[in-house]
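**Student:**
Residue numbers (the working numbering): 1 to 111.
Here is the structure:
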């Protein structure tokens, strides 16, 4: 039993260290600076924005970091719209055709 506990402890400890060490060699400074330079950029042309965020970054993880950080810092949710949508969905809970019609109409207006 002691051997089993020791084995589990070693496995968990090794896993924790492995996850931390994955990003020790990557410097995210350039990715973070690119995000700051593009703060508040328009969403009207997403391919151009994605290019601006990623074209100078050499690795996929840095590109992911830039896009993820930009989205976290520049996109906000709308709590009131979320509540409105939930009320409509509850209204159509037992009417699958009604919710499909409403959803198709809503999707056109929401974007």
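Positions of the beta carbon are idealized from the N, C-alpha and C atoms, including for glycine.
Everything numeric in this text was worked out from a predicted model, so none of it was measured.
1) Alpha carbon to alpha carbon, how far is residue 70 from residue 43? Give it in angstroms, no decimals.
2) Which of the three DSSP states is assigned to residue 47 in this structure?
3) Counting only the same chain and skipping the five closest in sequence on each side, list residues whose C-beta sits under 8 Å from that of residue 30.
4) For a minimum of 4 consecutive residues, which ranges assigned as the alpha helix (DSSP H) are wholly contained in the segment 42-96?
5) Taking a contact to mean a Cβ-Cβ separation below 8 Å, would you say residue 41 touches residue 67 in this structure?
6) Check whether the Cβ atoms of residue 38 and residue 60 lie closer than 8 Å to each other.
7) Going straight from the alpha carbon of residue 84 to that of residue 5, what length do you get?
8) By a C-beta neighbour count over all protein chains shown, 10 Å radius and 16 as the cutoff for buried, is residue 34 buried or exposed?
9) Between residue 102 and the rest of its own chain, which residues show a CB-CB distance below 8 Å, the 5 nearest in sequence each way excluded?
10) For residue 90 and residue 24, what's the separation of their Cα atoms in angstroms?
**Tutor:** Taking the definition as stated:
1) Spanning the two alpha carbons is a distance of roughly 11 Å.
2) Of the three classes helix, strand and coil, the one that applies to residue 47 here is helix, per DSSP.
3) Closer than 8 Å at the Cβ level, and outside the excluded window around residue 30, lie 56, 57, 62.
4) DSSP runs (the alpha helix (DSSP H)) wholly in the segment 42-96: 46-54, 60-74, 79-91.
5) Going by C-beta atoms, residue 41 is not nearer than 8 Å to residue 67.
6) The answer is no: Cβ separation not under 8 Å.
7) Our two residues, residue 84 and residue 5, have alpha carbons roughly 51 Å apart in a direct line.
8) Residue 34 is buried by the Cβ-count criterion.
9) 88, 92, listed in sequence order.
10) Their backbone Cα atoms lie some 47 Å apart in a straight line.
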